[in-house]
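Asker: Provided herewith is a single structure, encoded as structure tokens, for subsequent inquiry.
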Amino acid sequence: MSQTTEYGNDRSQNNNHNDQQGEVEMLRVVACIDGSRAAPAVCDYAAWASKHMQNPVTLLHVLDEERYPAEPDLAGSIGLGSREQLLDELAELDRKRSKLALEHGHHMLDEAERRLKGAGVADVAKRQRHGDLTESLLALEKQTRLLVMGLHGESSSDRDIHIGSQLETVIRSMHRPILLVPDEFIAPKSAMLAFDGSPTAFKGVELLAGSPVLKGMPLHLVMVGADTNDRWEQLKKAEKMLANLGSEITLAIRAGDVEPTLHAYQEEHDIDLLVMGAYGHSRIRQFLVGSTTTIMLKTAEKPLVILR
11 MSQTTEYGND
21 RSQNNNHNDQ
31 QGEVEMLRVV
41 ACIDGSRAAP
51 AVCDYAAWAS
61 KHMQNPVTLL
71 HVLDEERYPA
81 EPDLAGSIGL
91 GSREQLLDEL
101 AELDRKRSKL
111 ALEHGHHMLD
121 EAERRLKGAG
131 VADVAKRQRH
141 GDLTESLLAL
151 EKQTRLLVMG
161 LHGESSSDRD
171 IHIGSQLETV
181 IRSMHRPILL
191 VPDEFIAPKS
201 AMLAFDGSPT
211 AFKGVELLAG
221 SPVLKGMPLH
231 LVMVGADTND
241 RWEQLKKAEK
251 MLANLGSEIT
261 LAIRAGDVEP
271 TLHAYQEEHD
281 IDLLVMGAYG
291 HSRIRQFLVG
301 STTTIMLKTA
311 EKPLVILR
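Every position in the sequence shown, counted from 1, becomes a number in our numbering once 10 is added.
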């Protein structure tokens with residue numbers, strides 16, 4: 011069972027019963043921080059998104075219940091004599107570790123709050139949960155407009171496979187846009203949307219059209235596949251939907267495998283931000299949530315937005 015500690019003035023909670031002016035007013039940018047080297051960049055990207063979207067920020071720290079159990083479970087252990095004393099001492103050590111980790115989390119949240127306020131974000135709420143990461147994020151989903159997470163988490167060692175599988179679980183479970191960020195912050199100045207022409211892809215275009223984040227930013231719409239008239243018509247339709255952004259829009263179709271083709275295009279045009287959607291059963295979806303997900307997450311050096 012997850013345990014939650016709240017800090018600060020979290021309007022999304024305090025006004026839940028009093029302010030019924032609409033869900034959008036209460037939505038927040040949720041920045042998921044931990045002890046990883048990516049935590050400062052998560053704060054900086056959250057501040058960047060918050061200022062563009064005009065949404066307040068919630069800082070979330072989740073204490074992994076597997077590493078730091080709220081209460082050690084020794085029910086399956088047999089303790090006799092000195093063994094029983096040893097088990098008691100081990101349980102006490104676990105409790106102390108959890109308490110220290112909790113306090114360390116408090117300090118991280120306080121430091122992250124100072125960083126965000128220093129970047130000009132006035133409304134910052136802090137929340138700490140003891141439990142599972144995905145469950146904790148799902149508990150905040152209705153209050154979330156954008157989730158910001160580091161590509162490389164606290165438990166990752168040299169970008170090991172575990173962080174990729176953890177992010178994949180979050181991607182599969184959440185139904186909010188997710189901004190996955192590298193260890194260093196660079197304010198995005200250009201973006202590309204990996205597009206496949208499906209109905210779900212057009213929903214992603216609608217989402218971008220209604221968001222101020224990419225307003226005025228050069229935007230590339232890129233399809234991977236055969237160069238056909240139908241695909242060009244789909245791209246042109248998407249381009250018209252994005253007209254209100256006031257962006258310079260470039261349309262492109264490239265042949266090849268999804269992962270290397272998208273990365274090559276991004277590198278060729280020096281694009282800062284890659285936007286992708288979990289589209290139906292298309293090749294892009296297979297790339298996104300299939301066997302190459304971990305490779306993509308491990309090799310990404312620039313921020314990636316997953317549209318849900």
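Just so it is clear, CB atoms sit at the ideal spot from N, CA and C, and this is done for glycine as well.
1. Tell me, please, whether the CB atom of Asn254 is closer than 7 Å to any CB atom in chain C?
2. Keeping to the same chain, check which residues put their C-beta closer than 7 Å to that of Leu224; ignore five residues upstream and five downstream.
3. Using a threshold of 6 Å, is the CB atom of Val234 nearer than that to any non-hydrogen atom of the ligand MG?
4. Can Leu189 and Val315 be called in contact, C-beta distance under 7 Å?
5. Are the beta-carbon atoms belonging to Thr179 and Thr144 less than 7 Å from one another?
6. Considering only the alpha carbon of each residue, which of Arg105, Glu113, Gly266 lies closest to Met233?
7. For Leu157, collect the residues of the same chain with a Cβ closer than 6 Å to its Cβ; drop the 5 residues on either side in sequence, then sort them by chain order.
8. Residue range of the alpha helix (DSSP H) that Met184 falls in?
9. So is Leu284 buried or exposed if we call it buried at 16+ other beta carbons inside 10 Å?
10. Identify, in the order they occur along the chain, each residue of the same chain with its Cβ nearer than 6 Å to the Cβ of Asp20, setting aside the five sequence neighbours on each side.
11. Please name the residue in Leu203, Ala248, Lys213, Ser108 whose C-alpha comes closest to that of Thr271.
12. Use the C-beta contact count for Pro198: other C-beta atoms within 10 angstroms, 16 or more gives buried, fewer gives exposed.
13. Do Arg125 and Cys53 count as a contact pair if the criterion is CB distance below 7 Å?
14. Considering only residues of the same chain and omitting the five flanking positions on each side of Asp133, which have a CB-CB separation below 6 Å?
15. Exposed or buried, Arg182, counting other C-beta atoms within 10 Å across all chains shown (16 or more means buried)?
16. Quick check: the Cα distance between Ala236 and Glu123, rounded to an integer number of angstroms?
17. So, at 6 Å on beta carbons, what are the nonlocal neighbours of Ala57 in its own chain, with the 5 sequence-adjacent residues on each side left out?
18. For Gly287, list the residues DSSP reports as bridge partners.
19. For Thr260, write down the residues that DSSP places opposite it in a beta bridge.
Answerer: Once the coordinates are examined:
1. The displayed structure is made up of one protein chain only, and chain C is not part of it.
2. Ala201, Leu218, Leu255, Ser257
3. The ligand MG is not part of the structure shown, which contains no ligands of any sort.
4. yes
5. yes
6. Gly266
7. Val40, Arg186, Ile188
8. Unbroken run through Met184: none, as it is neither H nor E.
9. buried
10. Because Asp20 sits at a pLDDT of 40, beneath the cut-off of 50, its placement in the model cannot be relied upon, and the following sentence gives the value as read from the coordinates. So the qualifying residues of the chain are Ala135.
11. Leu203
12. buried
13. yes
14. Pro66
15. exposed
16. 48 Å
17. Leu126, Ala129, Val131
18. Leu317
19. His230
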